[in-house]
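What follows is a short report on a single structure.
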Amino acid sequence: MTISGIKGMNDILPNEVQTWQLLERTARHIFETYGFSEIRVPVVEKTELFCRSIGETTDIVEKEMYTFTDKSGNSLSLRPEGTAPVMRSFIEHKLHALDPVNKLYYLGPMFRYERPQKGRYRQFHQIGAEVIGVDDPRIDAQVLIMLVHFFAAAGIDAVELQINSLGCPECRPGYRQILVAYLQSRLDALCEDCRRRYLVNPLRVLDCKVPGCREATAAAPSVLEHLCAGCNDHFASVRRYLDETTTPYVVNPRMVRGLDYYTKTTFEVVTNNLGAQNAVAAGGRYDGLIKSLGGPALSGIGFAAGLERLALLKNASPVAPPRPDLFIAALGEAAAHQAFLLMSSLLQRDLRVEIDYLGKSLKSQLRRADKLGARFVLILGEDELARNSAPLRDMQTATQEEIALTDLPRLLTERLQPGVPLA
Ligand code: HAM
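One gets my numbering by counting positions in the sequence shown from 1 and adding 17 to each.
Here is the structure:
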């Protein structure tokens with residue numbers, strides 16, 4: 018009997034991995050250009066870290082964490098997101114003592130026990146970035162500009178940046194009260210889930226996808242009309258910087274986030290091309306999080322993009338796999354032996370070389386060279402070994418010439434350089 022993988026946890030197969038690597042390379046390049054350094058944190062943390070940061074009443078903590086007790090009796094969880102572990106590490110290693118402004122990025126698997134569907138998985142991957150130590154709205158704008166830059170550089174254009182402000186501990190409680198009162202007057206129209214959570218987490222009701230709830234909250238009071246002066250100014254500045262840098266965005270006052278740590282600016286990059294899972298990237302400011310985890314009173318802002326969703330959007334134009342520079346077709350045992358040694362020495366020079374390992378006929382080896390898209394094919398038999406030279410076929414120009422085997426590394430290196438005319 019065969020053993021299958023776990024539901025909602027995907028293999029990323031060789032024909033998909035090209036797209037992933039391209040997205041990862043693009044992210045690293047763009048983020049490093051904006052001054053971010055990579056940080057790597059474990060995939061398992063103490064459960065308490067996520068309860069205290071993401072929030073006890075959020076879906077993630079209530080229903081979606083992979084939590085287990087280890088052999089010492091500690092409650093541990095697979096990380097459902099990256100912000101909390103990065104903040105834990107930041108505080109633990111006192112990174113603020115080294116630099117008052119820290120720009121960090123990370124990349125890796127996250128785990129949430131959600132109902133799997135297109136774009137929603139139980140193991141998924143995020144590319145995330147966080148800036149710690151700056152509450153100036155210029156940094157909000159810079160993070161958003163970088164995110165838009167990343168999407169453009171990755172060649173993903175059917176997306177929209179939506180922004181909102183969720184206020185701060187000074188103004189949010191007032192808005193919450195107003196919203197609860199509004200929801201109370203429409204309780205009958207709300208779904209069961211919303212009736213249960215409207216007192217604990219009223220903002221989430223605005224995010225409910227049930228049509229009845231959407232209708233009932235269509236005229237709900239907007240958070241943006243209840244911001245305090247500080248939050249209002251902050252949000253206005255962020256928008257001004259985005260306008261002045263011609264960064265495209267729309268304000269969505271109904272956007273709330275599924276994690277409790279957000280304050281002020283929040284945002285999502287959404288698409289219409291992924292069905293129900295429309296958020297490709299999301300994030301926001303979390304000015305109270307680091308202090309609440311026992312660290313210094315530093316503000317933070319960041320985002321994470323879902324790699325599976327990015328890859329689904331990118332798949333419209335798949336990336337070609339790398340082609341061998343040379344395929345050595347060998348005839349007979351001595352030639353097969355020599356082909357292996359030749360290949361080994363060429364690989365040391367960073368040339369991509371393939372041979373046949375299955376004892377196939379010359380015709381079949383040539384077919385394979387063609388299928389792999391090899392740029393050159395060297396045909397090696399007993400005669401060629403004896404005279405120490407062999408025909409090298411250029412598959413691009415369909416020309417062939419006899420070359421000395423000792424010349425092969427130099428010739429290949431020269432001819433594979435872009436712009437060098439072929440013989
Ligand atoms: P989030 O909105 O929970 O935020 O997740 C960010 C992104 O991860 C989503 O927009 C989506 O692309 C992807 N994602 C989330 N869940 C799944 C899933 N089950 N399957 C596939 N993709 C998924 C956070 O995680 C915050 N830590 C973001 C952040 C960073 N805020 C500040 N800094």
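The C-beta atom is built at its ideal place from N, Cα and C for all residues, glycine as well. On a predicted model such as this, the values are computed, not experimentally measured, just so you know.
In the three-state reduction of the DSSP assignment, Y258 falls in the helix class, which pools H, G and I. With a cutoff of 7 Å, R326 counts as near the ligand HAM, since its C-beta is closer than that to a heavy atom of the ligand. Here the C-alpha atom of Y199 lies approximately 10 Å from the C-alpha atom of P219. When rounded, the separation of the alpha-carbon atoms in Q143 and Q35 is 17 Å. Counting every other CB atom within 10 Å of its CB across the protein chains shown gives F252 a total of 16 or more, marking it as buried. The region 223–286 contains no complete beta strand (DSSP E) run of 3 or more residues. Residues Y130 of the same chain have their beta carbon placed closer than 8 Å to that of K80, with the five preceding and five following residues left out of the count. Take Q179, set aside five residues on each side of it, and the residues of its chain with a beta-carbon closer than 8 Å to its own are Y266, V267, V268, N269, M272, F284, E285, V286 and V287, in chain order. Counting other Cβ atoms within 10 Å of its Cβ, T43 reaches 16 or more and is therefore classed as buried. Residue nearest to G390 within the set G172, Q413, A299 and S239 is Q413 (criterion: CA-CA distance).
Residue nearest to L324 within the set P190, K135 and P339 is K135 (criterion: CA-CA distance). DSSP places Y192 within a helical segment (H, G or I) once states are collapsed to three.
Beta-bridge partners assigned by DSSP to R302: T280 and I318. L327 and L196 have their C-alpha atoms spaced approximately 34 Å apart. In this structure, the C-beta of V297 approaches the ligand HAM to less than 7 Å from one of its heavy atoms. Pairing L395 with L343 gives a Cβ-Cβ distance under 8 Å. Look at S309 here: in three-state DSSP terms it is helix.
Secondary structure at Q159: helix, using DSSP grouped into helix, strand and coil.
Rounded to whole angstroms, the separation of the alpha carbons of D250 and T263 is 20 Å.
Contact annotation, K308 with A299: C-beta distance approximately 23 Å; criterion of less than 8 Å not satisfied. Distance from the CA of S378 to the CA of L363, rounded to the nearest whole angstrom, comes to 23 Å. Between the ligand HAM and the CB of E418, the shortest heavy atom gap is not smaller than 7 Å. Less than 8 Å separates the beta-carbon of G305 from that of T280.
Excluding five sequence positions before and after P238, the CB atoms of its chain that fall closer than 8 Å to its own CB belong to Y192, I195, L196 and Y199, given in chain order.
Remark: the C-beta of T36 is outside contact range of the ligand HAM, defined as less than 7 Å to any heavy atom. The beta-carbon separation of G319 and A169, rounded to 20 Å, does not stay under the 8 Å limit for a contact.
Note on Y123: 16 or more other CB atoms within 10 angstroms of its CB, so buried under the neighbour-count rule. Not one heavy atom of the ligand HAM falls within 7 Å of the beta-carbon of F284. Going by DSSP, H142 is part of the beta strand (DSSP E) stretching over Q140 to I149. In this structure G90 is exposed. Its beta-carbon is surrounded by fewer than 16 other beta-carbon atoms within 10 angstroms. For M360, the number of other beta carbons within 10 angstroms of its own is at least 16, and it is reported as buried. Rounded to the nearest angstrom, the Cβ distance from V297 to L330 is 7 Å, consistent with a contact under 8 Å. Closest in C-alpha terms to D153, from the list P190, R404, R302 and H354, comes R302. The beta carbon of L348 sits closer than 6 Å to those of L379 and G398, all from its chain and outside the five residues before and after it, given in chain order.
Straight through space, the alpha carbons of Y278 and G150 are spaced by roughly 16 Å. Non-local C-beta neighbours of H110 in its own chain, meaning closer than 6 Å and more than five positions away in sequence, are absent.
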